[in-house]
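Undergrad: In this note's numbering, the protein residues as written are 356 to 631.
From the three backbone atoms N, C-alpha and C, an ideal C-beta is built for every residue, glycine too.
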Ligand SMILES: Nc1ncnc2c1ncn2[C@@H]1O[C@H](COP(=O)(O)OP(=O)(O)OP(=O)(O)O)[C@@H](O)[C@H]1O
Ligand SMILES: [Mg+2]
């Protein structure tokens with residue numbers, strides 16, 4: 356499970372087109388490790404649960420994600436309205452190691468409200484760069500499996516092309532996996548199809564060969580995912596955050612049964628139907 360860190364000094368409000376309360380801060384890990392710069396989010400427990408279970412699963416699958424921690428904030432808790440309290444005046448926040456690169460949205464120069472032509476020009480220039488990433492098919496499969504409904508352009512950190520010619524990508528913001536930030540056990544229907552945002556902004560700009568490769572990857576993903584123990588993080592974080600037994604049972608059943616549906620749903624997300 357994720358490590359605990361202490362959030363040092365002030366929380367610096369940080370806006371890059373994001374909706375939630377997001378901050379930059381220095382955090383101090385346990386032991387003698389040096390403090391590092393991190394992104395801190397003020398999240399309620401269910402969203403924290405979604406983020407932490409997604410992180411554990413993504414790490415186990417070897418998909419690139421910044422390291423994630425649970426942070427304790429002692430002072431300055433007046434900025435935090437959703438984070439759970441620890442009882443001693445401090446609060447528990449979501450912390451991720453800051454990657455020194457912009458989101459794909461920023462890197463593309465995307466402006467909300469821009470014309471349809473400008474959207475298409477941006478996407479047709481940048482999606483082919485992401486399509487060279489050898490894990491794109493696994494991303495389609497992950498978002499389908501965890502029912503992450505929020506893979507927008509701001510939720511991929513993009514570091515351009517590396518020296519090996521591969522794009523550098525980190526996956527962030529999984530607060531809306533498990534169908535959304537405020538799911539109830541009844542929402543977690545394993546057979547149901549949920550919005551995979553990649554279908555909207557990435558699929559229309561992929562070539563047939565790229566889609567075929569992605570499809571092959573989704574099948575490999577399912578085989579790898581079968582080896583992951585999803586019960587352990589779900590048990591741990593439902594207990595840690597005081598979620599109910601019904602929540603725990605529904606979350607486990609959702610991931611275990613839904614894995615058998617991933618190839619079928621991911622295939623649907625890879626079929627070009629509409630352009631924006
Ligand atoms: N670990 C990180 N490293 C670098 N940048 C990050 C990191 N985490 C978040 N960011 C930046 O902060 C922005 C907001 O983060 P995130 O999407 O997780 O928060 P959010 O408040 O849930 O956003 P929204 O509700 O708008 O999707 C991201 O688009 C990205 O630019
Ligand atoms: Mg986001």
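1) Report the start-end ranges of each beta strand (DSSP E) in the segment 379–453 that is 3 residues or longer and not cut off at the edges.
2) So is residue 481 buried or exposed if we call it buried at 16+ other beta carbons inside 10 Å?
3) State yes or no: is the C-beta of residue 420 within less than 8 Å of the C-beta of residue 404?
4) Check whether the Cβ atoms of residue 543 and residue 534 sit closer than 8 Å, and answer yes or no.
5) Check this for me: beta carbons of residue 498 and residue 416, under 8 Å apart or not?
6) Determine the DSSP secondary structure at residue 488, reduced to helix, strand or coil.
7) Going by DSSP, name the residue or residues bridged to residue 511.
8) Evaluate residue 582 with the Cβ neighbour count: other Cβ atoms within 10 Å of its Cβ, from every protein chain shown; 16 or more gives buried, anything less gives exposed.
9) Buried or exposed: residue 477, going by 16 or more other Cβ atoms within 10 Å of its Cβ?
10) Out of 495, 385, 453, state which residue places its alpha-carbon closest to the alpha-carbon of residue 505.
11) Have a look at residue 368 and residue 515 and give me their C-alpha separation to the nearest angstrom.
12) Please look up how many angstroms separate the CB atoms of residue 380 and residue 395, rounded, as I've assumed it's under 8 Å.
13) Suppose contacts are defined by Cβ-Cβ distances below 8 Å. Is residue 359 in contact with residue 463 by that definition?
14) So what does DSSP say about residue 359, is it helix, strand or coil?
15) Ligand 2 heavy atoms versus the CB of residue 510: any closer than 7 Å?
16) With a threshold of 16 other CB atoms inside 10 Å of the CB of residue 397, please say whether the residue is buried or exposed.
17) Among 366, 370, 402, which one has its Cα closest to the Cα of residue 530?
18) So, residue 670 versus residue 526, is the Cβ gap smaller than 8 Å?
19) Would you identify the three-state DSSP class for residue 368, choosing helix, strand or coil?
TA: From the atom records:
1) Correct list: 391–396, 423–428, 446–452.
2) Buried is the label assigned to residue 481, since at least 16 other Cβ atoms lie within 10 Å of its Cβ.
3) No, the pair does not count as a contact, with Cβ atoms beyond the cut-off.
4) Residue 543 places its beta carbon less than 8 Å from that of residue 534.
5) The answer is no: Cβ separation not under 8 Å.
6) Reduced to three states, the DSSP call for residue 488 is coil.
7) BP columns for residue 511 point to 526.
8) Exposed.
9) Result: buried.
10) The residue with the shortest Cα to Cα distance from residue 505 is 495.
11) Approximately 26 Å, taken between the alpha carbons.
12) Yes, residue 380 and residue 395 are in contact; Cβ-Cβ is about 5 Å, under 8 Å.
13) No; because the gap between Cβ atoms is not below 8 Å, this pair is not in contact.
14) In this structure, residue 359 counts as strand in the three-state DSSP scheme.
15) Yes, since a heavy atom of ligand 2 falls inside the 7 Å radius drawn around the Cβ of residue 510.
16) With a threshold of 16 other beta carbon atoms within 10 Å, residue 397 meets it and is buried.
17) When each option's Cα is compared against that of residue 530, the closest is 402.
18) Here the chain covers residues 356 to 631 and nothing more, so residue 670 does not appear.
19) Looking at residue 368 - three-state DSSP - the assignment turns out to be strand.
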